[in-house]
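Enquirer: Residue numbers (the numbering used here): 1 to 384.
Quick reminder that beta carbons are idealized off the backbone N, C-alpha and C, glycines included.
If you scroll down you'll find the structure; I have some questions about it.
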Ligand code: SF4
């Protein structure tokens, strides 16, 4: 159950939010209907105040980040034609298709800022030639070369794909990957769980229930995971809340989620963006901030809400630190997936840049490891 928090009710101007503010103050769990009310409200600052109060009660003024390095080893994907929001995937013979050899993976890993990088974040397409042997060899090779670096790899969708083409159960696949060096799993591939939305944007993808099943299996094996939602396309507010409720339920059951990360849909270079006539028009700052704040209020059993600055810009990510966010995507090196979809953000951020953002929001920068253990606290507490 959430902890009670004190609110300054003068900062909440929308009367429709009063019953929700009562619940927040009394530490009562919000319903999906409450979440819809929050999304429908124009009182962004009131919602932000509530989310900030909840976050401060849980995390104080600390804002964490981890120095990570993204490796996208293959963009070849069997779902290339059916995930209409995706700008990254290619068919095997299509221009721009690639699959890294092991040497290329290790060369890419070597370009990381080796003194700071503590995590490889590895995701890619559903490539028929990238099965269990491909990934176990990759993880073993990386661990041999960088034994101190954490491997966060393969979304639930990729795990199910590797299991299927390797003719193994999801459980046995996870066990084999863990033995090879997999430490945790990222949360991608969730999109929006609603079957109606999935039928429109990702018809052939693992269903929402199956995504949850893979995560449950991972949690039961002691493999912690993140989770996400891709918002800002055809979903309704009710779809968003149903999605968050499924994540909250699994967290109640297993406690295996480390963080929730809302992902903003980018409409460039993909079929969905053209269909919706949204090319060049990404999500709005208002909706980006609201997705983070509503998540902070509704996901009362999650310790960490993360803003992915690559997708929403570093300015929105910094502002989100006053809207319930306590964790920023780290110093990412060479990110491909969202840049294919039109993200105009840089492909990496230096330590100095991330410290500047956090300090500028009057928060305390804390470098963490992949399990949110504190590695370095950069400043003494500052006044609120
Ligand atoms: S979103 Fe993932 S599964 Fe879908 S086409 Fe793109 S890479 Fe493939």
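Based on the DSSP output, what are the partners of residue 69 in its beta bridges?
Expert: 120
Enquirer: Okay, do the region 46-55 and the region 83-95 touch, 3+ Cβ pairs below 8 Å being the bar?
Expert: no
Enquirer: Roughly how many angstroms lie between the CA atoms of residue 83 and residue 274, to the nearest whole one?
Expert: 13 Å
Enquirer: Within 10 Å of its beta-carbon, does residue 101 have 16 or more other beta-carbons around it, so buried, or fewer, so exposed?
Expert: exposed
Enquirer: Please name the residue or residues paired with residue 365 in a DSSP beta bridge.
Expert: 63
Enquirer: Can you check whether the CB of residue 210 is closer than 8 Å to the CB of residue 160?
Expert: It is a contact, given that the beta carbons lie within the stated cut-off.
Enquirer: Check for me: the alpha helix (DSSP H) holding residue 277 runs from which residue to which?
Expert: Careful: residue 277 lies outside any alpha helix (DSSP H) and carries neither H nor E.
Enquirer: On the premise that residue 20 lies in contact with residue 38, defined as a C-beta separation below 8 Å, what is that separation, rounded to the nearest angstrom?
Expert: At roughly 7 Å, the Cβ-Cβ gap stays under 8 Å, so residue 38 and residue 20 are in contact.
Enquirer: Taking the CB atoms as reference points, tell me whether residue 264 and residue 322 lie closer together than 8 Å.
Expert: no
Enquirer: If you draw a straight line from the alpha carbon of residue 281 to that of residue 266, how long is it in whole angstroms?
Expert: 8 Å
Enquirer: To the nearest angstrom, how far is the alpha carbon of residue 384 from that of residue 290?
Expert: Residue confidence is low: residue 384 scores 49 on pLDDT, short of 50, so the model does not pin down where it sits. No coordinate-derived value is stated.
Enquirer: Does the beta-carbon of residue 364 have 16 or more other beta-carbons within 10 angstroms, so that it is buried, or is it exposed?
Expert: Residue 364 should be labelled buried.
Enquirer: Are residue 391 and residue 141 closer than 8 Å when you measure CB to CB?
Expert: This structure cannot speak to residue 391, because the chain is shown only from 1 to 384.
Enquirer: Assuming residue 212 is part of the alpha helix (DSSP H), what are its boundary residues?
Expert: 208-220
Enquirer: Check whether the Cβ of residue 163 lies closer than 7 Å to any heavy atom of the ligand SF4, and answer yes or no.
Expert: When distances are taken from the beta-carbon of residue 163 to the heavy atoms of the ligand SF4, even the shortest one reaches 7 Å or more.
Enquirer: Count the CB pairs spanning the region 301-316 and the region 121-140 that are closer than 8 Å, and state whether there are at least three.
Expert: Not touching, per the Cβ criterion.
Enquirer: Which partner residues of residue 243 appear in the DSSP bridge assignment?
Expert: Its beta-bridge partners do not exist; DSSP assigns none.
Enquirer: Output the distance between the C-alpha atoms of residue 202 and residue 75, rounded to the nearest integer angstrom.
Expert: 17 Å
Enquirer: Could you check which residue in 157, 42, 109 and 205 has the C-alpha nearest to that of residue 188?
Expert: 157
Enquirer: Just how far apart, CA to CA, sit residue 288 and residue 316?
Expert: Computed Cα separation, rounded: 8 Å.
Enquirer: Which whole runs of the alpha helix (DSSP H) in the region 151-192 are 4 residues long or more, in chain order?
Expert: 156-165 and 170-180
Enquirer: CA-CA distance, residue 151 and residue 298?
Expert: Taking C-alpha positions only, residue 151 is separated from residue 298 by approximately 29 Å.
Enquirer: Since residue 263 sits in a beta bridge, which residues does DSSP pair it with?
Expert: 230, per the DSSP bridge assignment.
Enquirer: Pick from 172, 154, 182 and 163: whose alpha carbon is nearest that of residue 190?
Expert: 154
Enquirer: Should residue 368 and residue 64 be called a contact, given that it needs their Cβ atoms to be closer than 8 Å?
Expert: Their beta carbons are under 8 Å apart, which means residue 368 touches residue 64 by this criterion.
Enquirer: Less than 7 Å separating the Cβ of residue 93 from some heavy atom of the ligand SF4?
Expert: No, since every heavy atom of the ligand SF4 falls outside the 7 Å radius drawn around the Cβ of residue 93.
Enquirer: Secondary structure at residue 9, three-state DSSP: helix, strand or coil?
Expert: helix
Enquirer: Measuring only the C-alpha atoms, how far is residue 192 from residue 260?
Expert: 14 Å
Enquirer: Under DSSP, the alpha helix (DSSP H) around residue 296 begins and ends at which residues?
Expert: 285-298
Enquirer: Do residue 27 and residue 244 have their C-beta atoms within less than 8 Å of each other?
Expert: no
Enquirer: Leaving aside the five residues before and after residue 183 along the sequence, list all residues of the same chain whose C-beta is less than 6 Å from its C-beta, in chain order.
Expert: 150 and 151
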